[in-house]
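In terms of this note's numbering, the sequence shown opens at residue 11 and continues consecutively.
Ideal Cβ placement from N, Cα and C applies to all residues, glycine included.
One structure is given here, and the rest of the page talks about it.
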Amino acid sequence: MANHTKSFISEVGHQFNLDGYIGSSEVHGNGNVNDTFLLFCEDGDSLNRYTLQRINHDVFKNPEGLMENFSRVTRHLQSKIEDEGSDKKCLNLVAAKDGRFFHKDSNGNYWRVTKFIDGGRSFDVPEDIHQAFEAAKAFGDFQAKLADLPGDPLIETIPDFHNTRMRFDYFRSVCVKDELGLLNEVQDLVDFAMEREHLADLIKVENFPSRVVHNDTKLNNVLLHKTTGEGMCVVDLDTVMTGCVLHDFGDLVRTAACSALEDEPGLEKVFFLPETFEAIVEGYLETAGNILEPIEIEHLAIAPQIITYELGLRFLTDYLEGDLYFKIKRPLHNLDRVRAQFRLLASMEEHFDQARQIVDVCTRPLLDRKSV
Ligand code: GN1
Ligand code: MG
């Protein structure tokens, strides 16, 4: 699906109210689900950049509902940013010529355009602890700002997205069927997953306060300011819906308090970074601390293990099903992802006592304040 010709991309881009005409376009980013392009528009002396995305409607079954969420969330964030008079940024949708925030092409694909955010950078692995701290502050701020989103609940863009029990049960059913006959060669990974089934029941969203959360808080989903390094803009809003804050916190830890990429094939390079974890806890509490309830705080230390396990299950399931969901760049890509996630999970387990102590020390003042 990523193989759209440049002329087709221009044709789609021209369905939107862009400033200028599209001089060129390029494939952008490394998302695993949607297709993303940068558009360069020439407008007299200025060059305007936009991000054009095709929403993968096999994954997001209700793209129009998704765009309604997107527009409500960005309007709310924008008004909060204006109220506080900060220089933070928020994704800004560009309307299509028919006034809607998406365009449906003749193949039934859905597209949207946002203004390109200047001056930010994203990282797959943090260069230093400070970046992890800033990212955590930004995601905490995102949750805090959306705590009073008015109106009906957001639509569920992917039902049961972080239902780890359901992910596990589905994984087990795929193992039982083993339709492609791949199970034998990954038995060690399947055993690792089966031994940890209990993790599937530790964070059930229905047992936690229901909030508007991001649900895909990989480190590279926040832009950090090019010069100050401050968290500037949270991106990738497709999975923003009602959920549990712990999945956001956990997913940032999974991607930022880890020494290597999510799909690092050299497993000796993959381990958990406790000091970075501490910076993430501190950054997150700085902005989200006030909205958190004790039951959420009590699960901060375990949350990263749950989400890392969940991702490992999803990648392994996808491998066993023939790589249907996540984009792959090489034949055994999903297996590299599983191995790296399970290696990281084992490292998190080894450091669990330390992680608990860090959370205890960092949250004590907050819990004391909340109990008076
Ligand atoms: C997918 O496409 P991307 O990279 O934003 C996935 C996330 C995973 C992530 C792992 C809708 O996100 O849940 O954590 O890959 N998104 C969806 O890299 O499934
Ligand atoms: Mg995403």
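Between which two residues does the alpha helix (DSSP H) carrying ASP115 extend? Premise fails: ASP115 is in no alpha helix (DSSP H) and is neither H nor E.
Shortest alpha-carbon distance to GLN364 belongs to which of GLU292, LEU283, PHE336 and ILE301? Closest in alpha carbon position to GLN364, among GLU292, LEU283, PHE336 and ILE301, is LEU283.
Between ASP248 and the ligand GN1, is there a pair consisting of the residue's CB and a ligand heavy atom that are separated by less than 7 angstroms? Yes, since a heavy atom of the ligand GN1 falls inside the 7 angstroms radius drawn around the Cβ of ASP248.
So what does DSSP say about SER269, is it helix, strand or coil? Three-state result, SER269: coil.
Under a three-way DSSP split, which group does LYS99 fall into? Here LYS99 sits in coil by DSSP.
Answer yes if the segment 79–91 comes into contact with the segment 41–59, meaning at least three C-beta pairs across the two stretches below 8 angstroms, and no otherwise. Not touching, per the Cβ criterion.
Residues bridged to PHE282 [DSSP beta-bridge criterion]: According to DSSP, which records beta bridges pairwise, PHE282 is partnered with CYS268.
With a Cβ-Cβ cutoff of 8 angstroms, do GLN25 and ASP45 count as a contact? Contact: no.
Is it true that the CB of GLN315 sits closer than 8 angstroms to the CB of MET251? The answer is no: Cβ separation not under 8 angstroms.
Where do the N-terminal and C-terminal ends of the beta strand (DSSP E) with GLU36 fall, by residue? Looking at the DSSP string, the run of the beta strand (DSSP E) that includes GLU36 is 31–37.
From the DSSP output, which residues share a beta bridge with SER56? ASP53, per the DSSP bridge assignment.
Excluding the 5 residues flanking ILE368 on each side, which residues of the same chain have their C-beta closer than 8 angstroms to its C-beta? Taken in chain order, the residues that qualify are PRO284, PHE287, GLU288, VAL291 and ALA311.
In chain order, what residues of the same chain have a beta carbon less than 6 angstroms from the beta carbon of CYS6, not counting five sequence neighbours either side? The requested residue 6 does not occur in the structure, where the chain is confined to residues 11 to 382.
Going by the CB atoms, is the gap between VAL232 and ALA145 shorter than 8 angstroms? With contacts defined as CB atoms closer than 8 angstroms, ALA145 and VAL232 qualify as a contacting pair.
Between which two residues does the beta strand (DSSP E) harbouring LYS187 extend? From DSSP, LYS187 is part of no beta strand (DSSP E) but of the alpha helix (DSSP H) over 174–187.
Tell me, please, which residues DSSP counts as bridged to THR46. Answer is GLN63, bridged to THR46.
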